[in-house]
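A.B. asks: Pasting a structure below so you can have a look.
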Amino acid sequence: MSENNEASNLDIFFEMVDSVENDISDMLDDESNEIGGYECMVICFNSLRMYCDKVGIDFGQIEDQYHEFKESKTGEIIGDFNVDDNSETCNEIEAFNRTLEKIEESLAAFEKRCEKKDESIDEWNCVFIMYGCLRKYCEEMKTSYADLMLDVSQMQSDLEKDLSAEQSDENIN
Numbered sequence: 007m008s009e010n011n012e013a014s015n016l017d018i019f020f021e022m023v024d025s026v027e028n029d030i031s032d033m034l035d036d037e038s039n040e041i042g043g044y045e046c047m048v049i050c051f052n053s054l055r056m057y058c059d060k061v062g063i064d065f066g067q068i069e070d071q072y073h074e075f076k077e078s079k080t081g082e083i084i085g086d087f088n089v090d091d092n093s094e095t096c097n098e099i100e101a102f103n104r105t106l107e108k109i110e111e112s113l114a115a116f117e118k119r120c121e122k123k124d125e126s127i128d129e130w131n132c133v134f135i136m137y138g139c140l141r142k143y144c145e146e147m148k149t150s151y152a153d154l155m156l157d158v159s160q161m162q163s164d165l166e167k168d169l170s171a172e173q174s175d176e177n178i179n
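Printed below as a string of structure tokens:
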């Protein structure tokens, strides 16, 4: 992959992260929306899968790598963090916001490590870091990853149907 393409993919990745944060924030600001940690995870995983599709990263490979990483228990990239630090005063949204902060901190640490070692930051590792933090949140909140992925797939299917319907309407007009 060319450096320009990789740099562009990284720009798209960080725009996606910002977009996820903005979308969740907007939904929380709208009092008519009832959103919890689960819905936030659906939004994040949906955006991450769409990003992977767009830049040609096999999402299944990320999942496989995560399982291998978890079994190796090296913990090098995905630091230890507990989303339920203060369960008496913590709600799902606060816990999820801490997860988003952890993603940003982990990405910043990865970028710093790459600069120190004179290596280039790449989108695959950025995706893996985000995925790992989201999976950690999933595990901490005792959320079924399989059910979550079914909801993400349903959301993507609904979005594709909406897009097809819009394109059909445009072709008719």
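So the sequence shown is numbered by my numbering: it starts at 7 and just counts up by one. In this text, a Cβ means the ideal position worked out from N, Cα and C, and glycines have one as well.
(1) What residue range is occupied by the uninterrupted alpha helix (DSSP H) comprising serine 38?
(2) Output the distance between the C-alpha atoms of alanine 152 and glutamate 69, rounded to the nearest integer angstrom.
(3) Exposed or buried, what is leucine 106 when buried is set at 16 or more other beta-carbons lying within 10 Å of its beta-carbon?
(4) Straight-line CA distance for serine 38 to arginine 119?
(5) Please work out which residues of its chain come closer than 6 Å, Cβ to Cβ, to glutamate 98, disregarding the five sequence neighbours upstream and downstream, and give them in chain order.
(6) For methionine 147, does the three-state DSSP call read helix, strand or coil?
(7) Decide if glutamate 129 is buried, meaning its Cβ has at least 16 other Cβ atoms within 10 Å, or exposed.
(8) Report the CB separation of leucine 16 from cysteine 139 in whole angstroms; it is logged as a contact under 8 Å.
(9) Since valine 26 contacts isoleucine 63 with CB under 8 Å, what's their CB separation in whole angstroms?
(10) Taking only beta-carbon atoms, is alanine 101 less than 9 Å away from chain B?
(11) Measure the C-alpha to C-alpha separation of serine 126 and lysine 167 and round it to an integer number of angstroms.
(12) Looking only at its own chain, which residues have a Cβ that is under 6 Å from the Cβ of phenylalanine 51, when we skip the five neighbours before and after it?
(13) Could you pull out every residue in the same chain whose Cβ sits closer than 8 Å to the Cβ of aspartate 59, ignoring the five residues on either side in sequence?
(14) Just the C-alpha distance for leucine 54 and isoleucine 178, rounded to the nearest angstrom, thanks.
(15) Let me make sure I understand the geometry here. Which of Glu172, Gln71, Cys46, Ser112 has the alpha-carbon closest to that of asparagine 28?
C.D. replies: Taking the geometry as given:
(1) Position 32 of the sequence shown, counting from 1, holds the residue named residue 38. Taken as a continuous stretch (DSSP letters only), serine 38 belongs to no alpha helix (DSSP H), as it is neither H nor E.
(2) For the purposes of this step, residue 152 is identified with residue 146 of the sequence shown, where counting begins at 1. For the purposes of this step, residue 69 is identified with residue 63 of the sequence shown, where counting begins at 1. For alanine 152 and glutamate 69, the distance between alpha carbons rounds to 12 Å.
(3) What you label residue 106 is simply residue 100 of the sequence shown in a count that begins at 1. Leucine 106 comes out buried.
(4) By 1-based counting over the sequence shown, the position of residue 38 is 32. By 1-based counting over the sequence shown, the position of residue 119 is 113. Distance between the alpha carbons of serine 38 and arginine 119: 43 Å.
(5) Numbered from its first residue, the sequence shown carries residue 98 at position 92. Only Gly42, Gly43 meet the Cβ criterion.
(6) Your numbering for residue 147 matches position 141 in the sequence shown. In this structure, methionine 147 counts as coil in the three-state DSSP scheme.
(7) Along the sequence shown, read from residue 1 onward, the residue named residue 129 stands at position 123. With 16 or more Cβ atoms within 10 Å of its Cβ, glutamate 129 is classed as buried.
(8) Here residue 16 refers to the residue found at position 10 when the sequence shown is read from its first residue. Here residue 139 refers to the residue found at position 133 when the sequence shown is read from its first residue. With 8 Å as the limit, leucine 16 and cysteine 139 do not qualify as a contact, their Cβ atoms being about 18 Å apart.
(9) Position 20 of the sequence shown, counting from 1, holds the residue named residue 26. Position 57 of the sequence shown, counting from 1, holds the residue named residue 63. Actually they are not in contact, since the Cβ atoms of valine 26 and isoleucine 63 sit about 17 Å apart, beyond 8 Å.
(10) Of the protein chains in the structure, only one exists, and it is not chain B.
(11) The count along the sequence shown starts at 1 and reaches residue 126 at position 120. The count along the sequence shown starts at 1 and reaches residue 167 at position 161. Rounded to whole angstroms, serine 126 to lysine 167 spans 38 Å at the Cα level.
(12) Reading the sequence shown from its first residue, position 45 is the one you call residue 51. Answer for phenylalanine 51: Val158, listed in chain order.
(13) As a first step, residue 59 is located in the sequence shown; it is residue number 53 there, counting from the start. Result list for aspartate 59: Phe65, in chain order.
(14) Position 48 of the sequence shown, counted from the start, is the residue given in the question as residue 54. Position 172 of the sequence shown, counted from the start, is the residue given in the question as residue 178. Roughly 33 Å separates the two Cα atoms.
(15) Indexing the sequence shown from 1 puts residue 28 at position 22. Checking every option, the nearest Cα to that of asparagine 28 belongs to Cys46.
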